[in-house]
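Colleague: To start, I am sharing the structure in question, which I have written as structure tokens.
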């Protein structure tokens with residue numbers, strides 16, 4: 044069962060592009076307003092009482108745009124962009140194959156590279172130490188867990204410990220243990 048989907052990547056890419064367009068258009072509107080205020084300021088006569096009004100308006104608008112930029116880029120765009128980068132890495136980078144016995148779900152929120160995850164817990168055989176160890180495999184927090192049976196052996200692919208694909212193993216013991 045392929046946990047990663049190309050449709051999800053395309054959806055997030057559209058959402059990211061939408062956020063970039065929104066921010067760039069608001070920055071262009073701010074720039075046009077600032078140029079207009081500057082032109083109005085330069086056309087005013089020397090020591091005009093309106094100069095103070097123009098400066099106050101410009102200072103307030105600049106402060107509001109800076110606050111808007113920090114909030115929009117720091118909260119909204121940052122989360123979407125990091126999720127997008129994680130999906131691109133998941134698609135393009137090298138995957139590692141593992142085999143292990145599923146032992147449970149963990150709903151605890153984990154943050155990795157700015158993206159929220161929950162974990163699947165597997166028991167794997169370490170062929171170098173000749174002992175079992177517990178591996179936590181990340182799945183996206185917003186998605187449902189894949190339906191897995193406890194103590195069933197699964198073969199799965201991960202990229203940076205993020206689940207890419209999972210399937211039931213045909214063997215009764217993990218491939219690493221052989």
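Numbering (our numbering), first residue to last: 44 to 221. Every residue, glycine too, gets a C-beta built ideally from N, C-alpha and C.
(1) Where do the N-terminal and C-terminal ends of the alpha helix (DSSP H) with residue 171 fall, by residue?
(2) Any idea if residue 155 is buried or exposed, counting beta-carbon neighbours within 10 angstroms, 16 or more meaning buried?
(3) Please name the residue or residues paired with residue 178 in a DSSP beta bridge.
(4) Since I believe residue 201 is in contact with residue 158 (beta carbons under 8 Å), could you give me their beta-carbon distance rounded to a whole number of angstroms?
(5) From the DSSP secondary-structure annotation, give me the bridge partner or partners of residue 198.
(6) Apply the 10 Å Cβ neighbour rule to residue 85 and answer buried if 16 or more other Cβ atoms are within range, or exposed otherwise.
(7) Grab me the residues of residue 138's own chain with a C-beta within less than 7 Å of its C-beta, minus the 5 sequence neighbours each way, in chain order.
(8) Do the segment 47 to 67 and the segment 110 to 128 make contact, defined as three or more Cβ pairs closer than 8 Å?
(9) Roughly how many whole angstroms lie between the Cα atoms of residue 75 and residue 44?
(10) Look at residue 181 and residue 205 and say whether their C-beta atoms are less than 8 Å apart.
(11) Might you give, ordered along the chain, the residues of its own chain that have their beta carbon closer than 6 Å to the beta carbon of residue 106, omitting 5 neighbours on each side?
(12) Pick helix, strand or coil for residue 45, following the three-state DSSP scheme.
(13) With distances taken Cα to Cα, identify the nearest neighbour of residue 193 among 213, 146, 168.
(14) Rounded to whole angstroms, what's the CA-CA distance from residue 221 to residue 170? Just pull it up for me.
(15) According to DSSP, is residue 157 part of a helix, a strand, or is it coil?
(16) Starting from residue 123, trace the alpha helix (DSSP H) in both directions and tell me its first and last residue.
(17) Let's see if you can read the secondary structure: which residues bound the alpha helix (DSSP H) around residue 113?
(18) Quick check: the Cα distance between residue 179 and residue 140, rounded to an integer number of angstroms?
Modeller: To lay it out plainly:
(1) From DSSP, residue 171 is part of no alpha helix (DSSP H); its letter is neither H nor E.
(2) exposed
(3) The beta-bridge partner set that DSSP reports for residue 178 consists of 165.
(4) Not quite, the Cβ-Cβ distance comes to about 15 Å (not below 8 Å), so this is no contact.
(5) 142, 210
(6) exposed
(7) Its chain contains 200, 201, 202, 207 as the residues whose beta carbon lies nearer than 7 Å to that of residue 138, once the 5 sequence neighbours on both sides are disregarded; these appear in chain order.
(8) Cβ pair count under 8 Å is three or more, so yes.
(9) For residue 75 and residue 44, the gap between their C-alpha atoms comes out near 51 Å.
(10) Yes, Cβ-Cβ distance for residue 181 and residue 205 is below 8 Å.
(11) none
(12) strand
(13) 146
(14) Residue placement at residue 221 cannot be trusted, given a pLDDT of 48 that sits under 50; what the coordinates show is reported in the next sentence. Distance between the alpha carbons of residue 221 and residue 170: 9 Å.
(15) Note: residue 157 maps to coil in three-state DSSP.
(16) 121 to 135
(17) 93 to 114
(18) 14 Å
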